[in-house]
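Have a look at the structure below before the remarks.
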RNA sequence: GCGCCCGUAGCUCAGCGGACAGAGCAGCGGACUUCUAAUCCGCCGGUCGCAGGUUCGAUCCCUGCCGGGCGCGCCA
């Protein structure tokens, strides 16, 4: 009988309830109890501060509360010892058989290990990237491509239903400028004021010309229409290809135009008007977002009768909600954080709870360094780094891992030289190497005819084995917290810890029999442990969209 | 002026109120007839920006200040 962290947490909660039922404690027992892995091994395999927290409501010193809980907890199968330590911590040590059983649990679960149901029943709409098809994706979009897709995978691993959505506009002013820029390039004229420069404009213009040799014969208006339509299609194809090469696939590409065509802006306006949050001023139509904490009210219909972009946002949000998503998540760059207030107000104006139904995640900027010097990103100077260039420089695996490894709250400095390196300074290689090393070991085991066969979990009693089992046991909790907090970088950090713990185990514990040595139950038990480690590394890398190589 | 994010080791960064704040890199010193040394071990390295507050307990929560990044359109 094994003991997972989740089971142990429940066992502690049960011990509290028992202590209460027996009259040892008079408190309201908490539903769940947090247990954690202590930093120092003297504090046991797991520890909980529940006694410290219950001390005040129980009206008893924390150590007495701890003793009351420790009693019933000591009877839990798999628990070797429970000690009251320090101000009132409960330090729990498992017996090695209970801990070793985890290897079987993981191997039997396979690719399902790490999956939970903590967010089951929720429907998430994750909107990210959402670049208009007027140019290649650049670094600002790419951070969210990596993090957004990883977040989608992590949410799915906790039982949530997830749709990845890309919102774009092919009817706006930006596309007009794009089309005009293509036309100018096709004619050999300089880039128009407010137009798009960059080599790709010339390439796309040429591609459109190749497909429509007579396009410049007609009027400029006719030509512009062709360049707009064909150029956008080519640009979008390029964007989708580069995303696919990066391992990111969207479920829905949502065109703002559809909102207009279906009359959804009018419907949204009607709904907000009926709710009493709309008023006219200076010839325009306003939404009173200040009612819901925004800095200033926002215009929905301009004095000239045109819809604002915000009006489309209003319709789009409603569209998502009506498609059944209870969690509308929008990922934006730091330069768009000013939109948070109005979006939240919008959700509130519809009667939603902006703390529940809407989440706006803001990703800070990424600075690239090469040869120790910053690559200054400037659209105007044409020095933006595109997704394709990033993949060319360091590969899709390193690119995804590097961008998903940090909290999106932090601006990050990425050293391209480091991430291109095939050495252990490069975290993605450190983790992938651990997987490849295991794969190699498993191939050797197969060559030796060594099979896992029966597991004797109590044999996994080396401290290195205990550490490895302890880290392996954390995986489901790490995934769940990454999903809960919308912080997939926790998975990457966890994998680095796991890889390091494995390397230390490997260094100290021989897995395969030497030479003509006969395979023992210990060899077989370690084979279970190694396979379990491989599974967790593979599952974790999969959550980040990074490959788990068999050989390196 | 107002708002959001950040400030932790020389560098890049972890740390969802718990015990003595961690990792990698860099620096120094070790370990390869044996499963991938792309690895491992040891040493060095910190007033967690500053000052208050809340708490049994604060890097974490609150307030103020300092420093850096990014924003504050009837633009899209």
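In my numbering, the protein residues as written are 307 to 858. Beta carbons are placed, not taken as given, at the ideal position from N, Cα and C, and that holds for glycine.
> What are the residues that DSSP puts in a beta bridge with residue 472?
Replying inline: On the first chain, residue 472 is found 166 positions in, with the first residue counted as 1. Beta-bridge pairing links residue 472 to 559.
> Would you call the stretch 494 to 505 and the stretch 468 to 476 touching, i.e. three or more CB-CB distances under 8 Å?
Replying inline: no
> Alpha carbon to alpha carbon, how far is residue 322 from residue 654?
Replying inline: For this step, residue 322 is matched to residue 16 along the first chain. For this step, residue 654 is matched to residue 348 along the first chain. Each residue's Cα considered, the two are about 41 Å apart.
>> By DSSP's criteria, residue 637 is part of a beta bridge. Which residues make up the other side?
In response: In the first chain, counting from the first residue as 1, residue 637 sits at position 331. According to DSSP, residue 637 bridges with 667.
> Out of curiosity, what's the CA-to-CA distance linking residue 802 and residue 414?
Replying inline: Position 496 of the first chain, counted from the start, is the residue given in the question as residue 802. Position 108 of the first chain, counted from the start, is the residue given in the question as residue 414. Each residue's Cα considered, the two are about 24 Å apart.
>> Is the beta carbon of residue 333 closer than 8 Å to that of residue 326?
In response: Taking the first chain and counting its residues from 1, the one referred to as residue 326 is at position 20. Taking the first chain and counting its residues from 1, the one referred to as residue 333 is at position 27. It is a contact, given that the beta carbons lie within the stated cut-off.
> Can you name the residues that DSSP bridges to residue 346?
Replying inline: By 1-based counting over the first chain, the position of residue 346 is 40. Answer is none; residue 346 lacks a bridge partner.
>> To the nearest angstrom, how far is the alpha carbon of residue 505 from that of residue 694?
In response: The residue you call residue 505 lines up with position 199 of the first chain. The residue you call residue 694 lines up with position 388 of the first chain. So the alpha carbons of these two residues sit roughly 14 Å apart.
> At a cut of 8 Å, does the stretch 829 to 848 reach the stretch 440 to 458 through at least three beta carbon pairs?
Replying inline: no
>> Measuring straight from C-alpha to C-alpha, what distance separates residue 522 and residue 538?
In response: Taking the first chain and counting its residues from 1, the one referred to as residue 522 is at position 216. Taking the first chain and counting its residues from 1, the one referred to as residue 538 is at position 232. Looking at the two C-alpha atoms, the distance is approximately 18 Å.
> To which residues of the same chain is residue 529 closer than 7 Å at the C-beta, ignoring the five residues directly before and after it?
Replying inline: Residue mapping note: residue 529 aligns to position 223 of the first chain, counting from 1. For residue 529, where only same-chain residues beyond five positions count, the Cβ hits under 7 Å are 489, 521, 522.
> Which residues in the same chain have their Cβ closer than 7 Å to the Cβ of residue 485, if we skip the five residues on either side of it in sequence?
Replying inline: Translated into positions along the first chain, residue 485 becomes position 179. Closer than 7 Å at the Cβ level, and outside the excluded window around residue 485, lie 530, 533, 534, 537.
> Taking just the CA atoms, how far does residue 451 sit from residue 816?
Replying inline: Residue 816 sits at position 510 when you count from the first residue of the first chain. Residue 451 sits at position 145 when you count from the first residue of the first chain. The straight-line gap from Cα to Cα measures roughly 41 Å.
> To which residues does DSSP link residue 388 through a beta bridge?
Replying inline: Numbered from 1 along the first chain, position 82 holds the residue referred to as residue 388. In DSSP, residue 388 forms a bridge with 398.
> Do you know whose CA, among 315, 611, 381, lies nearest residue 337's CA?
Replying inline: As a working note, residue 337 is residue 31 in the first chain. Looking at the Cα atoms, 315 is the closest of the given residues.
> In terms of residue numbering, what span does the alpha helix (DSSP H) encompassing residue 737 cover?
Replying inline: Residue 737 sits at position 431 when you count from the first residue of the first chain. Unbroken alpha helix (DSSP H) run through residue 737: 733 to 753.
>> Can you tell me whether residue 843 is buried or exposed? The criterion is at least 16 other CB atoms within 10 Å of its CB, across all chains shown.
In response: On the first chain, residue 843 is found 537 positions in, with the first residue counted as 1. Residue 843 comes out buried.
>> Check this for me: beta carbons of residue 483 and residue 501, under 8 Å apart or not?
In response: The residue labelled residue 483 in the question sits at position 177 within the first chain. The residue labelled residue 501 in the question sits at position 195 within the first chain. Cβ distance < 8 Å, so residue 483 and residue 501 count as in contact.
> Hey, is the stretch 770 to 778 in contact with the stretch 807 to 823, meaning 3+ C-beta pairs nearer than 8 Å?
Replying inline: yes
>> Tell me the rounded alpha-carbon separation between residue 840 and residue 584.
In response: The sequence position of residue 840 within the first chain is 534, counting from 1. The sequence position of residue 584 within the first chain is 278, counting from 1. Approximately 58 Å between the Cα atoms of the pair.
> Can you give the Cα-Cα distance for residue 487 and residue 526, rounded to whole angstroms?
Replying inline: Position 181 of the first chain, counted from the start, is the residue given in the question as residue 487. Position 220 of the first chain, counted from the start, is the residue given in the question as residue 526. Straight-line Cα distance between these residues: approximately 12 Å.
> Does at least one heavy atom of the ligand MN sit under 7 Å from the Cβ of residue 505?
Replying inline: As far as ligands go, the structure on display features none, and thus does not contain the ligand MN.
> Is residue 650 helix, strand or coil by DSSP?
Replying inline: Residue numbering aside, residue 650 sits at position 344 when the first chain is read from its first letter. Of the three classes helix, strand and coil, the one that applies to residue 650 here is helix, per DSSP.
> Which residue or residues does DSSP assign as beta-bridge partners of residue 718?
Replying inline: Walking along the first chain from the start, residue 718 turns up at place 412. Looking at the DSSP assignment, residue 718 forms a beta bridge with 672.
> For residue 363, which residues from the same chain have a beta carbon less than 8 Å from its beta carbon, with the 5 sequence-adjacent residues on both sides left out?
Replying inline: Within the first chain, residue 363 is the residue found at index 57, counting from 1. Counting only Cβ-Cβ distances below 8 Å, and skipping sequence neighbours, we find 333, 334.
>> Per the DSSP calculation, residue 431 is bridged to which residue(s)?
In response: The residue labelled residue 431 in the question sits at position 125 within the first chain. Paired residue(s): 469, 634.
>> For the pair the stretch 348 to 357 and the stretch 387 to 397, tell me if three or more CB-CB distances fall below 8 Å.
In response: yes
> Curious, which full-length beta strand (DSSP E) runs of at least 3 residues does the stretch 527 to 591 contain?
Replying inline: 558 to 561, 584 to 587
>> Using only CA atoms, which one of 328, 632, 455 lies nearest to residue 657?
In response: Walking along the first chain from the start, residue 657 turns up at place 351. Comparing Cα positions, the closest option is 632.
> How would you label residue 591, buried or exposed, when you count the other beta carbons within 10 angstroms and need 16 or more for buried?
Replying inline: Sequence index remark: in the first chain, residue 591 carries index 285 (1-based). Buried, because 16 or more other Cβ atoms sit within 10 Å of the Cβ of residue 591.
>> Which of the three DSSP states is assigned to residue 493 in this structure?
In response: The sequence position of residue 493 within the first chain is 187, counting from 1. Here residue 493 sits in coil by DSSP.
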